[in-house]
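Asks: Residue numbers (the numbering used here): 668 to 960. Where a beta carbon is used, it is the ideal one built from N, C-alpha and C, also for glycine. Here the structure is a predicted model, which means the values were calculated and not measured.
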């Protein structure tokens, strides 16, 4: 898949906020594993994607929101080449965008020091979605009192996110950022080659410019998983959005690097708690008219 994307950029340097509307197909060359000092919010407008934050991975659907703290390594890949992925990305420098917050206050400290950790995608309510969209609209149209409106929308949104925080406020337990840096090439390589059924540990270690033994130690230290466990989990995540389409389960199994349907089914059940066949039945039932939301 050609990994390119189009970005329409709106920015207000005085406020310390940037909003981007990005379209796919995306991929590792368009969004490699990277990090920056700003907090980032990614909201899925259309299509499906796999979000990676450090070693964590999860599927994002339309209406999903991910929260990426300062200096967390992250990337975003479209679930499939034809997924029509479109996302709204908002980045903000907390020191500038939230100027005036009390760093001694629990809310102010959480955002100013980047302490919040969200381990999965959120499904924000309509009020929070409106705040997300209005930030981009205000920056794009440069309406009167734009700066005030952007700050107000951002603060309302951050209050909502702070209220959704886990019971224990903490930094990402991924921990060893130096290991994540050394494995950046590994994550890029897996994103490109996870569909290769014969992918071996040695191939991935060589692509990472590491010996097999060093790679295994480093990978487990960074992810708390073996390479094969991580690979199978990643394959399941890339397969999950394909259940919405018209491909057979066997086709999906081979597309995602599983050598057989039985291997796909076994791993899907291990990581998702049900078989892919059952997951597809539930998806179809949920799409029927009159289904509960």
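Could you tell me which residues DSSP pairs with residue 758 in its beta bridges?
Replies: As a working mapping, residue 758 is identified with position 91 in the chain shown. Paired residues: 685 and 707.
Asks: Can you find at least 3 beta carbon pairs, one from the stretch 698 to 708 and one from the stretch 726 to 742, that sit closer than 8 Å?
Replies: The stretch 698 to 708 is in contact with the stretch 726 to 742.
Asks: May I ask which residues mark the beginning and end of the beta strand (DSSP E) holding residue 645?
Replies: Limits of the chain in this structure are 668 at one end and 960 at the other, which puts residue 645 out of reach.
Asks: For residue 940, does the count of other Cβ atoms within 10 angstroms reach 16, so buried, or fall short, so exposed?
Replies: Taking the first residue of the chain shown as position 1, residue 940 is located at position 273. Burial call: exposed.
Asks: Between which two residues does the beta strand (DSSP E) carrying residue 719 extend?
Replies: Mapped onto the chain shown, residue 719 falls at position 52. Looking at the DSSP string, the run of the beta strand (DSSP E) that includes residue 719 is 716 to 720.
Asks: Can you name the residues that DSSP bridges to residue 727?
Replies: In the chain shown, the residue the question calls residue 727 occupies position 60. Answer is 716, bridged to residue 727.
Asks: Less than 8 Å between C-beta atoms, sequence neighbours within five positions excluded: which residues of the same chain meet that for residue 868?
Replies: Here residue 868 refers to the residue found at position 201 of the chain shown. Only 879, 882, 883, 894 and 895 meet the Cβ criterion.
Asks: With distances taken Cα to Cα, identify the nearest neighbour of residue 943 among 919, 924 and 926.
Replies: Counting from one through the chain shown, the residue named residue 943 turns up at place 276. The option with the nearest alpha carbon to residue 943 is 919.
Asks: Assign residue 783 to one of three DSSP states: helix, strand, or coil.
Replies: Locating residue 783 in the chain shown gives position 116, where the first residue counts as 1. If DSSP states are grouped into helix, strand and coil, residue 783 belongs with coil.
Asks: Alpha carbon to alpha carbon, how far is residue 908 from residue 777? Give it in angstroms, no decimals.
Replies: Taking the first residue of the chain shown as 1, we reach residue 777 at position 110. Taking the first residue of the chain shown as 1, we reach residue 908 at position 241. Computed Cα separation, rounded: 33 Å.
Asks: Kindly identify the DSSP beta-bridge partner or partners of residue 678.
Replies: For the purposes of this step, residue 678 is identified with residue 11 of the chain shown, where counting begins at 1. In the DSSP output, where bridge partners are listed per residue, residue 678 has 685.
Asks: Once the 5 residues before and after residue 924 are set aside, which same chain residues still bring their CB inside 7 Å of it?
Replies: Taking the chain shown and counting its residues from 1, the one referred to as residue 924 is at position 257. Contacts found: 861, 862, 863, 864, 866 and 902.
Asks: Which first and last residues belong to the alpha helix (DSSP H) in which residue 1012 is found?
Replies: The chain is shown only over 668 to 960; residue 1012 falls outside these bounds and no answer can be derived.
Asks: Taking the C-alpha atoms as reference points, what is the distance between residue 840 and residue 850?
Replies: As a first step, residue 840 is located in the chain shown; it is residue number 173 there, counting from the start. As a first step, residue 850 is located in the chain shown; it is residue number 183 there, counting from the start. With a pLDDT of only 42 at residue 840, under 50, the local geometry of the prediction cannot be trusted, and the value read off the model is given with reservation. The alpha-carbon atoms of residue 840 and residue 850 are separated by roughly 17 Å.
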